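Heads up: the structure comes next, in structure tokens.
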Amino acid sequence: MNKNTEFIFIRHGITELNVKKVYFGQLDPALINEGIQQIQNTKKNLINENISLFYSSDLKRCTESAKIINESLNLDIIEKEGFRELNFGIFEGISHEELMNKYPEEADIFFKNWETYRIPGGESIHDFMMRAVNEIEEIKKACKGERILITTHSGVIQSVLSYYFTGNLEAYWKFRFNHGSMTKLCFDSSDFAFLEYVNRI
Numbered sequence: 001m002n003k004n005t006e007f008i009f010i011r012h013g014i015t016e017l018n019v020k021k022v023y024f025g026q027l028d029p030a031l032i033n034e035g036i037q038q039i040q041n042t043k044k045n046l047i048n049e050n051i052s053l054f055y056s057s058d059l060k061r062c063t064e065s066a067k068i069i070n071e072s073l074n075l076d077i078i079e080k081e082g083f084r085e086l087n088f089g090i091f092e093g094i095s096h097e098e099l100m101n102k103y104p105e106e107a108d109i110f111f112k113n114w115e116t117y118r119i120p121g122g123e124s125i126h127d128f129m130m131r132a133v134n135e136i137e138e139i140k141k142a143c144k145g146e147r148i149l150i151t152t153h154s155g156v157i158q159s160v161l162s163y164y165f166t167g168n169l170e171a172y173w174k175f176r177f178n179h180g181s182m183t184k185l186c187f188d189s190s191d192f193a194f195l196e197y198v199n200r201i
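Note that UniProt numbering has the sequence shown beginning at 1, numbered continuously upward.
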């Protein structure tokens, strides 16, 4: 019997910049105490999951989350830049109000052409999606039948799920992921994608 290849995505714990509600993707804040507790709770839900491989975004909020989870797994954590959040370029670290005041022209273009507009100094959401999907494809080919854990960012999970269920970004805004939540994406032996659960706390 052929086994499914399974990806369990964990959204990192909350950070101070999440609390401040600013745009940030590749800024590198640490977890706050609430975020640490969120991941401690997640860790308990993963003890019996029989994880084969453990990947993480190389940004601090994800590597810190991964290290907490790994206290009960004892796996090698493989850090990947490809699992970083969207690079918001000149929008990094500012609120929506600041964005509209400081970069009104760029913001207007971004909101009208959000899929393909490359933020100055950053990347487009389409390119971001393909960056994340390319990482998944590489792992999927090399690790058939394995259960893989990935600590990453909301945007990565949104873009990966949208790609595998629509072929594009059509479903990107239809998903929401709480900090510390678990989402399981599976592929059967014919590479058919299906969701086992989404945003489980």
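In this text, a Cβ means the ideal position worked out from N, Cα and C, and glycines have one as well. On a predicted model such as this, the values are computed, not experimentally measured, just so you know.
Item	Value
Does the separation of the CB atoms of ILE148 and SER52 fall below 8 Å?	yes
Report the three-state DSSP secondary structure of ARG84 (helix, strand or coil).	coil
Per DSSP, which residues does residue 213 bridge with? Please list them.	Since the first residue of the chain shown is 1 and the last is 201, residue 213 is not available in this structure.
May I ask you to list the residues that DSSP assigns as paired with SER56?	GLU79, THR151
When you compare each of GLU92, GLY180, GLU196 to GLU34 by their alpha carbons, which one comes out closest?	GLY180
Return the first residue and the last residue of the alpha helix (DSSP H) that THR42 is part of.	33-46
Suppose contacts are defined by Cβ-Cβ distances below 8 Å. Is residue 202 in contact with ASN70 by that definition?	The first residue shown for the chain is 1 and the last is 201, placing residue 202 beyond what the model contains.
Might you give, ordered along the chain, the residues of its own chain that have their beta carbon closer than 6 Å to the beta carbon of GLY155, omitting 5 neighbours on each side?	GLU85, LEU86
Does the Cβ of MET100 have 16 or more other Cβ atoms within 10 Å, making it buried, or fewer, making it exposed?	exposed
Hey, would you say LYS140 sits closer than 8 Å to PHE187, going by beta carbons?	yes
Buried or exposed for HIS96, please, with buried defined as at least 16 other CB atoms from any protein chain shown within 10 angstroms of its CB.	exposed
What residues in its chain sit with their C-beta under 6 Å from that of MET107, if we drop five residues either side in the sequence?	According to the sequence as given, residue 107 is Ala; it is not Met. The answer, listed in chain order, is LEU99, MET100.
Determine the burial state of MET1: buried for a count of at least 16 other Cβ atoms within 10 Å of its Cβ, exposed for fewer.	Because the pLDDT at MET1 is just 49, under 50, the model does not fix this residue reliably, and the point stays unresolved.
Taking the straight line between their C-alpha atoms, what separation do you get for GLY25 and PHE88?	6 Å
Specify the secondary structure class of GLU170 as computed by DSSP and reduced to three states.	coil
Alpha carbon to alpha carbon, how far is ASP28 from ALA193?	32 Å
Ordered along the chain, which non-local residues of its own chain (more than five positions away) have a Cβ less than 8 Å from that of LYS20?	SER95
So which of VAL160, LEU169, GLU170 has the shortest CA-CA distance to VAL198?	VAL160
In terms of residue numbering, what span does the alpha helix (DSSP H) encompassing PHE111 cover?	104-112
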